[in-house]
Structures are given as structure tokens and as C-alpha cells.
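Novice: In this text, residue positions in the sequence shown follow my numbering: the first is 289, and each later residue adds one.
Quick one: the structure is below, and I'll ask about it shortly.
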Amino acid sequence: MAIRLNTLQKYAKEVYERPNIQNYLEVNTKKFPYTKVKDWYPILYESGTCGVETAGQIWLNPNGKEEPILEMSSWIMVDRNQAKRVVRHEIAHILQFVCELNTENWHGSGFGEALRIVSPTLHKYSERSDRGWHTNSNIEKERRKYHRLKKTDGSDKLSAKRGGSTE
289 MAIRLNTLQK YAKEVYERPN IQNYLEVNTK KFPYTKVKDW YPILYESGTC
339 GVETAGQIWL NPNGKEEPIL EMSSWIMVDR NQAKRVVRHE IAHILQFVCE
389 LNTENWHGSG FGEALRIVSP TLHKYSERSD RGWHTNSNIE KERRKYHRLK
439 KTDGSDKLSA KRGGSTE
């Protein structure tokens, strides 16, 4: 089932305002004062696509002048659960950033620590994990509107559907 951007925006605010996240930020925020980041939930923006494999990405201002922008690929919005998963994943990146949790590797140990706060039961590697999004037929159908070509075997070779163009 699809989700609208304004509904997802409300969800992002709800997640960011959870007591466990706010308590963690209050104690662990290093980059900026807690008073500055306590209401720093991401502003969502929908674009056609953030990339072939990128369902969403967070844009953080290093000097903290603006709230984070969460850019969502339109193709992930066809699945409510996966879109919410992307929101939680990107909110973990906000925690990682403002608490300075090993930002040299955006999906390393610092991210894992932040994700445990944002998604206490969905942080481990599994098909239900918030470590990434998981595809399904609805997402693939929508994603093909933006990415007719996609890597199929992990190599640099691209494939197109029979009769399709590779241009």
C-alpha cells in the first residue's frame, strides 16, 4: 500500500520525538547543543529517484543552520512499510551525525549504535531490518519507470528487457 509524503512527514516527526531518541540526544549530542537538535526532525522531499539502489538519503548541513532534508525516491513510496523503514534508517544517520558516532563509515559501528536507538527491535541484519530497504513487485514495477536498466549480477554489465534499449 502506498503512502503520501505528508503522512510520511508526520511519521518522521513522531519517530524523532520518541522519548528514547530524545533522551539519547539530550545526553549524547556533541556537534550542537541539544536545544538546537531536539526539534531537528527531517523535512521530507520527494524526488523521482535518489539512485538505482537509493530509496532515500539525508542531507545534513554541517553548520546546523537548517534542519536535515530527507529526500525520498518516489518509487519507494509505493510501499508504506518500506518507506517508513527508510525514514527510520535516515533518522539513525541524523543521530550518528549530531552525536558524532563514527561518521567515517556511514554504515559502520556508529550507524549500528544509532540504529539500535531508533529501531531497538529492527537493527540486526535480517529481512526485517532497518539497515536497508527490501524490494517487492510493487517497488520493482515503480522503480523500472526511473531505472529501466539495472545491474543484475553484481558486475558492471547492464541488462535491459528483451526488445528494450540500452541507451
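Glycine included, every Cβ here is placed at the ideal spot set by N, Cα and C.
Based on DSSP bridge pairs, tell me the residues matched to Glu334.
Specialist: Its beta-bridge partners are Met360.
Novice: Helix, strand or coil for Gly456? Go by DSSP, reduced to three states.
Specialist: Beyond the ends of the chain as shown, which are 289 and 455, falls residue 456; an answer cannot be given.
Novice: Beta-carbon separation of Tyr333 and Glu359 under 8 angstroms?
Specialist: yes
Novice: I'd like to confirm the pairing. Which residues does DSSP put opposite Trp347 in its beta bridges?
Specialist: Ile357
Novice: Ends of the alpha helix (DSSP H) at Ser425?
Specialist: Ser425 to Arg431
Novice: First and last residue of the alpha helix (DSSP H) that includes Phe385?
Specialist: Arg368 to Val386
Novice: Using the C-alpha atoms, what's the distance from Ser417 back to Glu401?
Specialist: 14 angstroms
Novice: Here's the rule I'm using: 16 or more other beta-carbon atoms within 10 Å means buried, otherwise exposed. How should Thr323 be labelled?
Specialist: exposed
Novice: So does the stretch 391-408 actually touch the stretch 363-371, counting three or more Cβ pairs closer than 8 angstroms?
Specialist: no
Novice: To the nearest angstrom, report how far apart His377 and Arg306 are at their CA atoms.
Specialist: About 15 angstroms.
Novice: Beta-carbon within less than 7 angstroms of Asn390's beta-carbon, same chain only, minus the 5 sequence neighbours each way: which residues are those?
Specialist: Counting only residues of its own chain and dropping the five nearest sequence neighbours on each side, Asn390 has a CB closer than 7 angstroms to the CB of Gly396, Ser397 and Gly398.
Novice: Using 10 angstroms around the beta-carbon of Arg292, count the other beta-carbons present and answer buried if the total reaches 16, otherwise exposed.
Specialist: exposed
Novice: Please classify Met289: is it buried, with 16 or more other beta-carbons within 10 angstroms of its beta-carbon, or exposed?
Specialist: exposed
Novice: Candidates Pro408, Arg436, Met365 and Phe320: which alpha carbon is nearest Ala343's?
Specialist: Of Pro408, Arg436, Met365 and Phe320, the residue nearest in Cα terms is Met365.
Novice: Can you tell me where the alpha helix (DSSP H) with Glu392 in it begins and where it stops?
Specialist: It is not in any alpha helix (DSSP H) - Glu392 carries neither H nor E in the DSSP assignment.
Novice: Any idea what DSSP makes of Ile290, helix, strand or coil?
Specialist: Note that residue 290 is Ala in the sequence shown, not Ile. Looking at Ala290 - three-state DSSP - the assignment turns out to be coil, as it is neither helix nor strand.
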